[in-house]
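In our numbering, the protein residues as written are 14 to 128.
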């Protein structure tokens with residue numbers, strides 16, 4: 014019997030009910046795996062990645078015991094999108110000018126002289 018892998022895809026977050034083994038996703042209904050900014054729209058520092066991962070871990074703990082449904086995955090993904098927007102607005106995260114398509118999906122960059 015094949016296990017069904019659930020996933021949630023937002024603009025900057027991909028969540029999977031899977032674990033990573035040898036660089037491949039293996040379906041696991043008890044585990045969530047985060048793929049952060051797969052299109053490299055932002056420039057990430059280790060500190061900012063840790064903040065997003067910390068928020069992800071908090072959301073996973075908050076949902077412990079609940080069914081890993083598509084709805085719950087979408088809620089977690091949406092919350093993480095909000096975290097990314099907040100980090101961008103705080104100036105801790107910036108757009109990657111070398112991104113394949115620079116579309117300012119989280120809003121136009123802020124210039125400090127305009128604030």
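Positions of the beta carbon are idealized from the N, C-alpha and C atoms, including for glycine.
For residue 70 and residue 108, the rounded distance between their alpha carbons:
Numbered from 1 along the chain shown, position 95 holds the residue referred to as residue 108. Numbered from 1 along the chain shown, position 57 holds the residue referred to as residue 70. Going by the C-alpha atoms only, they are around 24 Å apart.
Is it buried or exposed for residue 111, if we count other Cβ within 10 angstroms and need 16 for buried?
In the chain shown, counting from the first residue as 1, residue 111 sits at position 98. So residue 111 counts as exposed.
Using DSSP with H/G/I as helix, E/B as strand and the rest coil, what is residue 37?
The residue given as residue 37 occupies position 24 in the chain shown. Of the three classes helix, strand and coil, the one that applies to residue 37 here is strand, per DSSP.
Residue 107 - DSSP class collapsed to helix/strand/coil
For this step, residue 107 is matched to residue 94 along the chain shown. Three-state result, residue 107: strand.
Quick one: what's got a C-beta closer than 8 Å to residue 118's C-beta in the same chain, skipping five residues either side?
Counted from its first residue, the chain shown places residue 118 at position 105. Only 24, 25, 54 meet the Cβ criterion.
Name the two residues that bound the continuous alpha helix (DSSP H) containing residue 22.
To locate residue 22, count along the chain shown from 1; it is residue 9. Counting along the chain, residue 22 falls outside any alpha helix (DSSP H), though it belongs to the beta strand (DSSP E) covering 20-22.
Suppose the cutoff is 8 Å on Cβ atoms and the five residues either side in sequence are ignored; what does the same chain contact list for residue 86 look like?
In the chain shown, counting from the first residue as 1, residue 86 sits at position 73. Excluding residues within five positions, the ones whose Cβ falls inside 8 Å are 19, 20, 21, 28, 30, 45.
What residues are listed by DSSP as bridge partners for residue 46?
Taking the chain shown and counting its residues from 1, the one referred to as residue 46 is at position 33. Answer by DSSP bridge pairing, in chain order: 29.
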